[in-house]
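Presented below is the structure to which this report refers.
Number of protein chains: 10
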Amino acid sequence: MAPKDNKEGNDMNRNRLLNAELAHAIAAMGHGDLMIVCDAGFPIPSSAWRIDLAISPDVPDLETVLAPIAASFIAERVGYADTLPVHNAPLLAKLKRLFPDADFETTKHETILGEMAAKAKVIVRTGAFDPWGNILLYSGVDVPAWFSKPGVVAPDYYAKKMKG
Amino acid sequence: MAPKDNKEGNDMNRNRLLNAELAHAIAAMGHGDLMIVCDAGFPIPSSAWRIDLAISPDVPDLETVLAPIAASFIAERVGYADTLPVHNAPLLAKLKRLFPDADFETTKHETILGEMAAKAKVIVRTGAFDPWGNILLYSGVDVPAWFSKPGVVAPDYYAKKMKG
Amino acid sequence: MAPKDNKEGNDMNRNRLLNAELAHAIAAMGHGDLMIVCDAGFPIPSSAWRIDLAISPDVPDLETVLAPIAASFIAERVGYADTLPVHNAPLLAKLKRLFPDADFETTKHETILGEMAAKAKVIVRTGAFDPWGNILLYSGVDVPAWFSKPGVVAPDYYAKKMKG
Amino acid sequence: MAPKDNKEGNDMNRNRLLNAELAHAIAAMGHGDLMIVCDAGFPIPSSAWRIDLAISPDVPDLETVLAPIAASFIAERVGYADTLPVHNAPLLAKLKRLFPDADFETTKHETILGEMAAKAKVIVRTGAFDPWGNILLYSGVDVPAWFSKPGVVAPDYYAKKMKG
Amino acid sequence: MAPKDNKEGNDMNRNRLLNAELAHAIAAMGHGDLMIVCDAGFPIPSSAWRIDLAISPDVPDLETVLAPIAASFIAERVGYADTLPVHNAPLLAKLKRLFPDADFETTKHETILGEMAAKAKVIVRTGAFDPWGNILLYSGVDVPAWFSKPGVVAPDYYAKKMKG
Amino acid sequence: MAPKDNKEGNDMNRNRLLNAELAHAIAAMGHGDLMIVCDAGFPIPSSAWRIDLAISPDVPDLETVLAPIAASFIAERVGYADTLPVHNAPLLAKLKRLFPDADFETTKHETILGEMAAKAKVIVRTGAFDPWGNILLYSGVDVPAWFSKPGVVAPDYYAKKMKG
Amino acid sequence: MAPKDNKEGNDMNRNRLLNAELAHAIAAMGHGDLMIVCDAGFPIPSSAWRIDLAISPDVPDLETVLAPIAASFIAERVGYADTLPVHNAPLLAKLKRLFPDADFETTKHETILGEMAAKAKVIVRTGAFDPWGNILLYSGVDVPAWFSKPGVVAPDYYAKKMKG
Amino acid sequence: MAPKDNKEGNDMNRNRLLNAELAHAIAAMGHGDLMIVCDAGFPIPSSAWRIDLAISPDVPDLETVLAPIAASFIAERVGYADTLPVHNAPLLAKLKRLFPDADFETTKHETILGEMAAKAKVIVRTGAFDPWGNILLYSGVDVPAWFSKPGVVAPDYYAKKMKG
Amino acid sequence: MAPKDNKEGNDMNRNRLLNAELAHAIAAMGHGDLMIVCDAGFPIPSSAWRIDLAISPDVPDLETVLAPIAASFIAERVGYADTLPVHNAPLLAKLKRLFPDADFETTKHETILGEMAAKAKVIVRTGAFDPWGNILLYSGVDVPAWFSKPGVVAPDYYAKKMKG
Amino acid sequence: MAPKDNKEGNDMNRNRLLNAELAHAIAAMGHGDLMIVCDAGFPIPSSAWRIDLAISPDVPDLETVLAPIAASFIAERVGYADTLPVHNAPLLAKLKRLFPDADFETTKHETILGEMAAKAKVIVRTGAFDPWGNILLYSGVDVPAWFSKPGVVAPDYYAKKMKG
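Going down the list, the sequences are from chains Y, F, P, H, X, Z, R, C, L and G. Residue numbers for the first sequence, in this note's numbering: 1 to 164. Residue numbers for the second sequence, in this note's numbering: 1 to 164. Residue numbers for the third sequence, in this note's numbering: 1 to 164. Residue numbers for the fourth sequence, in this note's numbering: 1 to 164. Residue numbers for the fifth sequence, in this note's numbering: 1 to 164. Residue numbers for the sixth sequence, in this note's numbering: 1 to 164. Residue numbers for the seventh sequence, in this note's numbering: 1 to 164. Residue numbers for the eighth sequence, in this note's numbering: 1 to 164. Residue numbers for the ninth sequence, in this note's numbering: 1 to 164. Residue numbers for the tenth sequence, in this note's numbering: 1 to 164.
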């Protein structure tokens with residue numbers, strides 16, 4: 001890994017996403033589309049668009065992959081397994097730090113493995129050995145950029161985002 | 001963008017469609033087939049024929065892409081989200097100017113995202129940051145060219161188009 | 001195109017690259033790799049990776065496509081046809097504004113059509129009706145980010161970039 | 001074939017190119033790219049982009065296919081076999097009528113079969129039983145549209161086209 | 001098109017099918033398989049095997065394409081839209097001439113667009129601007145060749161074909 | 001195999017080519033293109049278009065495959081190995097019967113294995129256990145059909161074919 | 001075809017399967033998998049694995065193709081159309097000779113065309129003009145080889161095969 | 001096979017998995033994903049990811065293939081046909097030795113052929129002539145590695161594995 | 001591996017080739033085509049047709065894979081590295097036993113890695129840890145079957161094979 | 001990244017390679033084949049087998065990717081740019097620690113970009129911002145495992161490895 005002192009020095013750079021296929025996937029996502037960033041053990045369906053970034057156990061971990069994604073992708077909602085608060089609280093805490101503006105919602109673990117894995121536009125595998133470490137990112141939009149044109153009337157549920 | 005003075009000077013040229021894949025798609029559409037021209041945030045299904053013309057926010061906008069399409073494609077019907085009249089009236093006004101001869105119809109936004117996106121023969125993505133900016137174009141035919149042969153009897157609903 | 005008043009308002013956004021395939025291509029380029037951004041009439045070899053953004057004559061023009069690329073891609077060198085200074089001076093002027101830090105070099109027009117078109121990693125077609133409007137972008141690196149680690153010694157030709 | 005009376009009635013329509021793949025090919029051609037429109041017996045290389053429009057002997061003939069191409073494609077130069085003037089003068093006469101503004105040039109028949117067939121971007125097969133009926137169309141540009149911007153200086157060889 | 005005098009002179013040749021992909025399709029059809037030969041405006045499903053022979057309006061027309069097919073393909077049944085007798089009687093008359101030995105049946109226009117288009121093994125597009133000009137050809141067998149071997153007993157419905 | 005008595009009875013049918021891919025290949029061949037019909041042991045290059053009709057030793061033999069090809073394909077020239085007259089005279093005799101109008105030429109066996117196998121548009125494998133049983137068929141044209149139009153002047157070497 | 005005297009001489013060879021794709025298909029079949037060997041007119045679904053061995057009418061016939069398959073493939077069950085005993089008794093007689101050890105069963109003709117064609121792992125087309133000439137071969141196993149290991153207990157229905 | 005004396009000498013090596021595609025498949029499996037290692041006669045669906053390691057009867061046998069898989073793959077559960085205990089007890093005994101830590105479960109033979117074959121991520125074919133020799137391996141995780149981080153709470157059913 | 005006693009019992013079966021892709025490759029080889037059966041460490045070119053049968057070190061070894069190939073493939077010549085006699089004499093001895101009728105020839109090890117690997121039609125990888133264990137099999141023909149027809153004259157170099 | 005304390009705790013696990021495609025690539029490499037593990041800026045040829053593991057600047061760095069590769073891949077030789085000792089000495093030091101048993105050699109930087117990039121079987125991209133950070137790994141063999149069989153004579157240059 002990059003030496004500690006370096007990490008502080010160019011935080012801005014750390015967030016620049018380098019992976020070519022991941023850059024493609026993010027640019028291809030529309031409003032409401034689902035990306036799953038998962039741990040090393042997630043059973044990714046054969047029919048999914050799979051981007052495998054796993055190297056070795058816990059390398060890269062979820063935070064390492066989620067951080068640059070969070071910087072170039074507007075996650076309107078972030079979903080996680082209903083077992084996470086009890087069984088992997090440290091991971092949940094990291095998530096809340098990485099996506100301060102997102103709505104959070106829990107999903108049953110079985111639903112993530114089944115319905116959500118089938119629905120995801122892309123599934124990004126990390127090397128994380130993190131139980132229930134499968135994070136659902138729902139693509140949002142840059143609200144002020146979309147609702148500021150003359151004549152465009154934002155619906156109520158975007159009103160507060162416009163003010164903020 | 002092309003300098004202002006140039007725009008006026010060769011309006012005829014502006015309408016000539018240059019994009020190779022879009023030219024293919026238009027020539028491949030049959031009577032009643034659906035093309036969706038969408039904003040930058042439309043969740044395009046992975047299985048769709050996707051033509052991505054988006055460059056940067058609002059470039060190209062919907063009008064820029066719709067204008068040359070309108071010139072080489074007969075849209076019998078034009079569909080738009082039921083929320084458009086209230087929430088994005090300026091866009092609706094542009095649509096009516098671009099397709100003066102088409103029938104207009106509203107579709108529920110959820111239906112466009114689901115059933116219509118699945119049914120579309122091709123989905124053309126613009127860079128528009130235009131809420132509900134997803135336009136449904138249903139391919140028509142050149143009525144006089146199709147119904148003027150000796151012995152061919154036009155049905156009632158094409159009668160007025162023949163006279164006009 | 002986007003209305004004037006909007007353009008000023010979110011200049012920052014205008015530079016964000018939306019096109020999914022172009023985002024992939026840029027992220028896939030290595031140091032020294034060549035991207036050609038060309039006018040609508042460039043004879044793109046059948047074997048090339050072709051990204052066709054042309055819509056109608058002069059839409060989008062070269063500047064519209066080059067601007068967001070310039071914002072997310074470090075062009076170490078920028079090449080253009082040797083005929084450009086005499087025959088299309090306005091385009092050359094735009095180029096110098098878009099890439100203030102790049103080295104510029106001229107290439108014979110025939111060499112661009114032959115050797116360079118064959119060598120390019122990706123060719124991006126605009127709608128520009130701009131004679132000799134075929135721009136060669138050679139990928140560079142973020143010099144300070146690459147040469148600031150302890151023990152790394154920058155070669156002379158990068159020395160000045162480090163100071164700047 | 002369409003009845004005689006109809007042919008006269010909508011000449012304008014006859015020229016509208018309907019074929020989807022051919023529309024794609026024409027839109028994909030750049031300045032100087034070569035399209036070969038050939039008779040039914042041309043030995044098309046296996047590696048070529050082949051568009052087979054042949055139906056039965058002499059249907060469609062070369063003129064039927066060349067006419068709508070001529071209407072949507074600017075052929076700067078038109079090439080034909082050096083044997084054509086002596087051995088198939090009627091075909092040559094048709095060519096000159098179809099492309100009144102093009103430069104004409106002869107090519108050795110062997111060169112068409114070998115070097116030119118390998119170089120062509122696309123080869124369109126007709127049903128013509130027309131000896132040496134293999135026509136080379138070199139893509140041109142709309143000279144006034146390309147050279148009329150302020151600051152653009154046309155080279156001498158385009159000067160007369162600008163005036164015309 | 002081929003000059004009139006020529007048409008008479010080699011009628012035999014006119015029927016020889018030249019198109020390579022169409023020759024493949026015909027040879028691949030089994031007893032009861034469906035081929036649709038359609039007008040230029042038929043909405044061909046994206047999943048269909050599509051052979052696009054359309055050139056320009058009414059070129060080639062349905063008769064031009066059906067004639068050589070009729071000569072190399074045994075159509076046991078020929079289907080057409082139930083609206084054809086009233087709205088396009090001339091086309092129906094041509095059909096009866098082209099397939100003198102076939103059984104004819106009408107199908108609802110909506111069924112052709114939906115169920116039949118999905119079921120067709122191949123769909124051949126002509127340039128015809130002929131309302132309801134979508135003809136269903138069901139592959140038959142050469143009855144005498146199939147039922148004349150010693151010990152083979154033809155079913156009743158083939159009996160008359162054996163005698164004729 | 002079909003019973004003897006049947007063979008006599010519908011000789012006409014025996015010649016009708018049923019194989020779908022072979023029908024495609026024949027329709028795709030142009031003047032001078034090369035088809036090789038080979039014995040079961042011919043070393044077909046991996047890059048060739050290979051149609052494998054071999055079933056078991058000597059089934060089908062060369063004559064069985066060549067007969068229907070000869071009926072639907074005009075072979076201008078027929079090539080065979082220079083060793084054939086001495087080492088497999090019976091096969092040469094069959095060839096002369098099957099292609100009564102063709103020119104015959106010998107080619108060195110090594111040239112057939114190397115240069116000719118690489119050049120062939122398609123290679124059709126039979127089950128023949130026939131030494132040097134690799135026949136080269138060069139596609140010709142129907143001379144009278146091609147040279148009878150008014151104004152078309154046949155070259156000398158086709159003159160005699162026109163008369164015949 | 002191979003001369004008569006030769007046929008007797010190397011019967012053993014005649015059974016060696018030469019076709020590369022058919023060899024692959026047979027080796028890929030598991031216990032209970034279905035292969036259909038069909039006449040020239042069987043409507044093979046577009047989605048099937050199709051091996052087209054048809055050459056001309058009745059060449060090769062069903063026996064010619066079934067014989068080498070029977071020699072390298074253990075057919076546990078052989079299915080045929082319920083109409084075969086009455087309408088094509090000679091073919092049924094051949095089948096019984098070719099597969100002396102198989103169980104035979106009849107299937108409704110409609111079921112073969114529909115459900116069985118969809119279920120078949122591979123469909124092999126012959127040139128047979130044989131009504132209802134579509135044979136269903138269900139892959140079996142070499143019973144003694146599979147059940148003779150110490151500790152392996154054959155079920156009752158394989159008991160008699162072990163003794164035989 | 002490798003000589004006996006060698007087998008003892010480098011047991012460690014024997015377990016290193018060499019097959020490239022199998023290495024890929026194992027690394028691609030997530031928690032709960034199913035791999036089937038089957039005998040030579042298993043009817044593998046055409047749509048499956050098939051890795052064919054069969055060479056000749058009983059070579060390689062199931063143990064030979066399962067041993068190196070067992071060494072690099074954590075099988076949480078191992079499934080086998082309900083008929084195995086009675087009809088092929090020696091194979092069941094081997095399984096228990098190869099996967100000492102797994103849970104075992106029986107599945108109806110019909111379910112393995114149908115539902116399980118469709119669900120398997122990959123099916124590995126051995127040469128085994130072993131009745132009911134189709135083994136279901138469900139991918140597990142390295143429990144101590146996944147549940148030892150601070151703040152992670154293992155569920156009850158993994159508790160004992162943590163202690164062990 | 002299969003138990004010893006079984007090996008003796010069905011030697012005939014052991015030689016039956018089960019692998020589907022290998023069966024395809026052998027059936028696709030023509031006279032003189034080259035198959036390489038290699039050890040686990042052979043650098044197989046990326047462009048080769050690669051059949052990977054390696055499981056674990058020395059499993060399967062070369063003999064295990066060569067034996068069933070030898071039984072279904074006539075190797076006219078067998079090549080091996082010039083270093084084999086000195087450095088791996090036991091392997092050479094096995095080869096001579098497996099191919100008693102073949103001609104043997106040595107090839108420089110470098111030539112096998114370069115020219116021969118590029119020329120091979122298929123490369124079959126075993127698990128053998130056998131230095132220089134890369135065997136070249138050149139496909140031959142069944143001489144008596146090919147040269148016994150009336151009128152066929154075998155060349156001198158096949159004369160002795162005819163007698164034997 | 002994984003928390004510090006965890007890193008120490010399961011060093012063994014850290015080395016287990018998780019990436020599915022990389023596992024495939026390593027298992028597919030033969031003796032002498034070249035893998036390049038490169039920094040984020042290496043110009044990877046379009047024709048290469050590219051495995052892109054780059055996430056963000058310096059994540060993962062070269063060491064992070066090289067460590068698990070070193071654990072499952074025997075690198076006989078390790079190559080690096082001739083500029084490395086002077087310009088990036090820290091990276092060279094890491095390399096020597098990671099591959100203690102390999103031979104090291106320098107290659108000119110230009111040769112790595114050209115000849116070596118074209119020759120590499122696979123190129124693995126890291127996120128490293130490390131000048132000249134392109135490492136050449138030449139696949140070796142496990143010498144004792146390959147040369148210990150009776151009758152196998154190791155060449156001199158492997159002699160010392162046998163003893164060690």
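For each residue, glycine too, the CB sits at the ideal point set by N, CA and C. Bear in mind that the values here come from a model prediction, so they are computed numbers and not experimental data.
Beta-carbon proximity check, L136 of chain Z vs I112 of chain Z, cutoff 8 Å
yes
Contact list for V86 of chain Z against chain L, beta-carbon separation under 9 Å
V153
Going along the chain, which residues of the segment 61 to 90 of chain R sit with their C-beta nearer than 9 Å to a C-beta in chain X?
T83, V86, H87, N88, A89, P90
Can you name the start and end residues of the alpha helix (DSSP H) that T107 of chain L belongs to?
Note, T107 of chain L: premise wrong, no alpha helix (DSSP H); beta strand (DSSP E) at 103 to 107.
Just to confirm before moving on: does the CB-CB distance between V152 of chain L and P43 of chain Z stay below 8 Å?
no
Can you tell me whether A27 of chain X is buried or exposed, with buried defined as 16 or more other CB within 10 angstroms of its CB?
Burial call: buried.
Same chain only: Cβ atoms within 7 Å of M29 of chain R, ignoring 5 sequence neighbours per side
M35, K121, S139
How long is the line joining the alpha carbons of A40 of chain H and N134 of chain H, rounded to whole angstroms?
9 Å
In the segment 65 to 139 of chain C, which residue ranges form an unbroken alpha helix (DSSP H) of at least 4 residues, counting only runs that do not cross its ends?
84 to 87, 89 to 98
Kindly list, in the order they appear in chain C, the residues whose Cβ is closer than 7 Å to that of G41 of chain Y.
G30, H31, V141
How would you list, in chain order, the residues of chain R whose beta-carbon sits under 8 Å from the beta-carbon of A57 of chain X?
One point to set straight first is that residue 57 of chain X is Pro, not Ala, in the sequence displayed. Result: empty, since nearest Cβ-Cβ is about 31 Å, beyond 8 Å.
Give the C-beta separation of L62 of chain C and V86 of chain C to the nearest angstrom, bearing in mind that I take them to be a contact with Cβ-Cβ under 8 Å.
L62 of chain C to V86 of chain C, Cβ: 18 Å. No contact.
Give me the chain R residues within the contact set of A145 of chain X, using Cβ-Cβ distance strictly less than 7 Å, ordered along the chain.
For A145 of chain X, the neighbours in chain R by C-beta distance under 7 Å run, in chain order, P57, F129.
Measure the C-alpha to C-alpha separation of P148 of chain H and K161 of chain H and round it to an integer number of angstroms.
Here residue 148 of chain H turns out to be Ser, not Pro, going by the sequence shown. In a straight line, the C-alpha of S148 of chain H is about 12 Å away from that of K161 of chain H.
Can you pull the DSSP bridge partners for S56 of chain G?
For S56 of chain G, which the question treats as bridged, DSSP gives the partners G:V59.
I need the straight-line Cα distance from V143 of chain H to L53 of chain P, nearest angstrom please.
Straight across, the Cα-Cα distance linking V143 of chain H with L53 of chain P is about 22 Å.
When the cut-off is 8 Å and only beta carbons count, does P150 of chain X lie next to chain R?
For P150 of chain X, the nearest beta carbon of chain R is closer than 8 Å to its own beta carbon.
Among Y:P60, Y:E21, Y:A48, Y:G79, nearest to K108 of chain Y - alpha-carbon criterion:
Y:G79
Taking the beta carbon of E105 of chain L as the centre, do at least 16 other beta carbons fall within 10 Å, making it buried, or is it exposed?
Counting every other CB atom within 10 Å of its CB across the protein chains shown gives E105 of chain L a total below 16, marking it as exposed.
Near A252 of chain G, which residues of its chain fall below 7 Å by C-beta distance, leaving aside the five closest residues on each side in sequence?
The structure shown does not extend to residue 252 of chain G, since chain G is modelled only from 1 to 164, so the question has no answer here.
List the residues of chain F whose Cβ lies closer than 8 Å to the Cβ of S47 of chain X, in chain order.
Result: empty, since nearest Cβ-Cβ is about 11 Å, beyond 8 Å.
Output the distance between the C-alpha atoms of A93 of chain Z and E76 of chain Z, rounded to the nearest integer angstrom.
18 Å
Put I26 of chain R into one of helix, strand or coil per three-state DSSP.
helix
Which of helix, strand or coil DSSP assigns to V152 of chain L:
strand
Going along chain L in order, which residues have a C-beta closer than 7 Å to the C-beta of A54 of chain C?
Those are L18, N19, listed as they occur along chain L.
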